[in-house]
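Trainee: Take any residue in the sequence shown, count from 1 to its spot, add 36: that is its number in the working numbering.
We treat Cβ as the ideally placed atom computed from N, Cα and C, and that holds for glycine.
Only a predicted model underlies this, so the values are computations on that prediction, with no experimental measurement involved.
The structure under discussion is supplied below as structure tokens; questions concerning it will follow.
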Amino acid sequence: MKSNIPASNVPQPSLKDLNIENITANVNLVNSSNPSPRFKFLLERLVVHLHDFARETRLSQDEWLQAIQFLTSTGQICSDVRQEFILLSDILGLSLLVDSIDHPKPARSTEGTVLGPFHTHDAELVKHGDQISHDHNGEPLLVVCTVKDKNGNPISDVKVDIWEIDSNRPDGRCIITSDQNGKFWFKGIVPVPYPIPHDGTVGKLLAILKRHPMRPSHMHFMFEKSGWDKLITALYLRGDPYETSDAVFGVKESLVVDLGEVDEATAQHYAGAYKGMKLLAYNFVLVTEKDAERLRMGRNREATDKFNPTAQTDNGFIGF
Numbered sequence: 037m038k039s040n041i042p043a044s045n046v047p048q049p050s051l052k053d054l055n056i057e058n059i060t061a062n063v064n065l066v067n068s069s070n071p072s073p074r075f076k077f078l079l080e081r082l083v084v085h086l087h088d089f090a091r092e093t094r095l096s097q098d099e100w101l102q103a104i105q106f107l108t109s110t111g112q113i114c115s116d117v118r119q120e121f122i123l124l125s126d127i128l129g130l131s132l133l134v135d136s137i138d139h140p141k142p143a144r145s146t147e148g149t150v151l152g153p154f155h156t157h158d159a160e161l162v163k164h165g166d167q168i169s170h171d172h173n174g175e176p177l178l179v180v181c182t183v184k185d186k187n188g189n190p191i192s193d194v195k196v197d198i199w200e201i202d203s204n205r206p207d208g209r210c211i212i213t214s215d216q217n218g219k220f221w222f223k224g225i226v227p228v229p230y231p232i233p234h235d236g237t238v239g240k241l242l243a244i245l246k247r248h249p250m251r252p253s254h255m256h257f258m259f260e261k262s263g264w265d266k267l268i269t270a271l272y273l274r275g276d277p278y279e280t281s282d283a284v285f286g287v288k289e290s291l292v293v294d295l296g297e298v299d300e301a302t303a304q305h306y307a308g309a310y311k312g313m314k315l316l317a318y319n320f321v322l323v324t325e326k327d328a329e330r331l332r333m334g335r336n337r338e339a340t341d342k343f344n345p346t347a348q349t350d351n352g353f354i355g356f
């Protein structure tokens, strides 16, 4: 194929006689015309760390090829309903790390955690009090929650995306909206432990590492409203056998809860509830986008100063 790139645009200096010592600097030099400071920074650091990894581990060509084949197989498994790369990110701890960096939470606010592999975009909008699970094998559960700001003021009209796994399929999911008191409630089933998909490349990797694929009992929540920092989180049941060994590192002590039981007064207040029914109650606290951005920019600046005091930040993102 004939090239249309003029010879005058060939990167300088000439890329000849490259070796272990000079390959990294020259690759970054070739990429340095990237007009986006942020993308330029990301790619430069990626190249540096990839090359340093190869040098540090003395990576062999056979090992490199196995890694390429692993990533190729991971991509081939992906579909509209299964994202094996997200799962890989989860079990390597990267998902939690990125969420912690991008959505820092100040004191008195609800911590975030991983999205997980089972979220879908087809959940139905339901009314307060609706039943979201149709699994007859599950133990009935009443869920009563509030959404407030860090000063205790209720936040109305928050879109709350909720999902949990039943005994045989992704069923317990819905979208609900907080009322004028910041409250939402529904009926589901008591969460149980379940395995992440482990019939693909991620499962094979876990087996090699002698790690189990189990997640502790939990229920997912995602909160969205204009002007407020998006919150992806989950509530975990205390005492679960996998509470301290979650395959995707999602458990945080502030998100571990004890189930209660519905009393007579509560049963009379919530239609369809009954005395002795399991009860999950929690008060979620959101932060504004401005507060989250201010905190994120400050922490980004602190992180930048540790390795490159001359680096610049653009809207809280490190560049150069």
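Verify whether the separation of the beta carbon atoms of M313 and V298 is less than 7 Å.
Mentor: Mapped onto the sequence shown, residue 313 falls at position 277. Mapped onto the sequence shown, residue 298 falls at position 262. Contact: yes.
Trainee: Quick check: what's the CA-CA separation for V150 versus E329?
Mentor: Here residue 150 refers to the residue found at position 114 when the sequence shown is read from its first residue. Here residue 329 refers to the residue found at position 293 when the sequence shown is read from its first residue. Going by the C-alpha atoms only, they are around 20 Å apart.
Trainee: Is A103 buried or exposed, if buried means 16 or more other CB atoms sit within 10 Å of its CB?
Mentor: Translated into the one-based positions of the sequence shown, residue 103 becomes position 67. A103 is exposed by the Cβ-count criterion.
Trainee: Could you check where the beta strand (DSSP E) with T269 kicks off and where it finishes?
Mentor: In the sequence shown, the residue the question calls residue 269 occupies position 233. That run of the beta strand (DSSP E) goes L267 to L273.
Trainee: Just mark S253 as buried or exposed, buried being the case when its beta carbon has 16 or more other beta carbons within 10 Å.
Mentor: Translated into positions along the sequence shown, residue 253 becomes position 217. Label assigned to S253: buried.
Trainee: If you draw a straight line from the C-alpha of D53 to the C-alpha of I59, how long is it?
Mentor: Translated into positions along the sequence shown, residue 53 becomes position 17. Translated into positions along the sequence shown, residue 59 becomes position 23. Roughly 9 Å between the two C-alpha positions.
Trainee: Taking only three categories from DSSP, how would you classify R14?
Mentor: For the chain, the structure presents residues 37 to 356; residue 14 sits outside this window and is missing.
Trainee: In three-state terms, what does DSSP make of L245?
Mentor: Walking along the sequence shown from the start, residue 245 turns up at place 209. Looking at L245 - three-state DSSP - the assignment turns out to be coil, as it is neither helix nor strand.
Trainee: Please determine if the segment 173 to 190 and the segment 122 to 141 are in contact, where contact requires at least 3 C-beta pairs separated by less than 8 Å.
Mentor: Below 8 Å, too few C-beta pairs join the segment 173 to 190 and the segment 122 to 141 to call them touching: fewer than three.
Trainee: Quick one: grab the DSSP three-state call for F356.
Mentor: Looking up residue 356 in the sequence shown gives position 320. Its pLDDT being 45, under 50, F356 is placed unreliably in this model, and the value from its coordinates should be taken loosely. Per DSSP, reduced to three states, the secondary structure at F356 is coil, with no helix or strand assignment.
Trainee: Cα separation between F356 and L65?
Mentor: Looking up residue 356 in the sequence shown gives position 320. Looking up residue 65 in the sequence shown gives position 29. Legend: pLDDT at F356 = 45, less than 50; position of this residue unreliable, value from coordinates given subsequently. Approximately 14 Å, taken between the alpha carbons.
Trainee: Check V292 in the structure and name its three-state DSSP category.
Mentor: Numbered from its first residue, the sequence shown carries residue 292 at position 256. DSSP places V292 in strand when its eight states are reduced to three.
Trainee: Please determine, among R81, A303 and A143, the residue with the shortest C-alpha to C-alpha distance to S290.
Mentor: What you label residue 290 is simply residue 254 of the sequence shown in a count that begins at 1. It is A143.
Trainee: With 16 as the cutoff for other CB atoms within 10 Å, does V117 come out buried or exposed?
Mentor: In the sequence shown, the residue the question calls residue 117 occupies position 81. With fewer than 16 other Cβ atoms within 10 Å, it is exposed.
Trainee: Could you give the DSSP three-state label for G224: helix, strand or coil?
Mentor: Here residue 224 corresponds to residue number 188 of the sequence shown, with the count starting at 1. For G224, the secondary structure class from DSSP, reduced to helix, strand or coil, is strand.
Trainee: For Y318 versus L271, is the C-beta distance shorter than 7 Å?
Mentor: Taking the sequence shown and counting its residues from 1, one reaches residue 318 at position 282. Taking the sequence shown and counting its residues from 1, one reaches residue 271 at position 235. Cβ atoms of Y318 and L271: closer than 7 Å.
Trainee: Give every residue of the same chain whose Cβ lies closer than 8 Å to the Cβ of D193, excluding the five residues on either side of it in the sequence, and list them in chain order.
Mentor: Stepping through the sequence shown from its first residue, residue 193 is reached at position 157. Hits under 8 Å: T213, S214 and K261.
Trainee: Does N383 come out as helix, strand or coil in the three-state DSSP assignment?
Mentor: Since the first and last residues shown for the chain are 37 and 356, residue 383 lies out of range.
Trainee: Does DSSP classify E260 as helix, strand or coil?
Mentor: Translated into the one-based positions of the sequence shown, residue 260 becomes position 224. In this structure, E260 counts as strand in the three-state DSSP scheme.
Trainee: By Cβ distance below 7 Å, which residues in the same chain neighbour Y358 in space, the five residues on each side in sequence not counted?
Mentor: The chain is shown from 37 up to 356; residue 358 falls before or after that span and cannot be answered.
Trainee: At the level of alpha carbons, what is the spacing between Q112 and S281?
Mentor: Counting from 1 along the sequence shown, the entry for residue 112 is found at position 76. Counting from 1 along the sequence shown, the entry for residue 281 is found at position 245. C-alpha separation (whole angstroms): 29 Å.
Trainee: With DSSP as the reference, label K219 as helix, strand or coil.
Mentor: On the sequence shown, residue 219 is found 183 positions in, with the first residue counted as 1. Looking at K219 - three-state DSSP - the assignment turns out to be strand.
Trainee: What does DSSP give as the partner residues of I211 in its beta bridges?
Mentor: Position 175 of the sequence shown, counted from the first residue, corresponds to residue 211. Residue pairing from DSSP places I211 in a beta bridge opposite L161 and D197.
Trainee: Considering just the uninterrupted stretch of the alpha helix (DSSP H) at K76, what are its terminal residues?
Mentor: For the purposes of this step, residue 76 is identified with residue 40 of the sequence shown, where counting begins at 1. That run of the alpha helix (DSSP H) goes P73 to T93.
Trainee: How far does the alpha helix (DSSP H) with A301 in it reach, from first residue to last?
Mentor: In the sequence shown, counting from the first residue as 1, residue 301 sits at position 265. Looking at the DSSP string, the run of the alpha helix (DSSP H) that includes A301 is E300 to H305.
Trainee: Would you call K326 buried or exposed, if buried means 16 or more other Cβ atoms sit within 10 Å of its Cβ?
Mentor: Taking the first residue of the sequence shown as 1, we reach residue 326 at position 290. Exposed, because fewer than 16 other Cβ atoms sit within 10 Å of the Cβ of K326.
Trainee: Return helix, strand or coil for A317, following the three-state DSSP convention.
Mentor: Taking the first residue of the sequence shown as 1, we reach residue 317 at position 281. The answer is strand: DSSP assigns A317 an E or B state.
Trainee: Can you give the Cα-Cα distance for V238 and L124, rounded to whole angstroms?
Mentor: Mapped onto the sequence shown, residue 238 falls at position 202. Mapped onto the sequence shown, residue 124 falls at position 88. One C-alpha to the other measures close to 6 Å.
Trainee: Checking 7 Å against the spacing of the C-beta atoms, do L322 and W264 come in under that value?
Mentor: Here residue 322 is taken as the residue at index 286 of the sequence shown, counted from 1. Here residue 264 is taken as the residue at index 228 of the sequence shown, counted from 1. Yes, the Cβ-Cβ distance between L322 and W264 is below 7 Å.
Trainee: Give the single residue among G165, M333 and L316 whose Cα lies nearest to the Cα of H256.
Mentor: Translated into positions along the sequence shown, residue 256 becomes position 220. Ranking G165, M333 and L316 by Cα distance to H256 puts L316 first.
Trainee: Just curious, the alpha helix (DSSP H) that V287 is in, first and last residue?
Mentor: The sequence position of residue 287 within the sequence shown is 251, counting from 1. Per DSSP, V287 belongs to no alpha helix (DSSP H) and is neither H nor E.
Trainee: If you reduce the DSSP assignment to three classes, tell me which class T340 lands in.
Mentor: For this step, residue 340 is matched to residue 304 along the sequence shown. The answer is helix: DSSP assigns T340 an H, G or I state.
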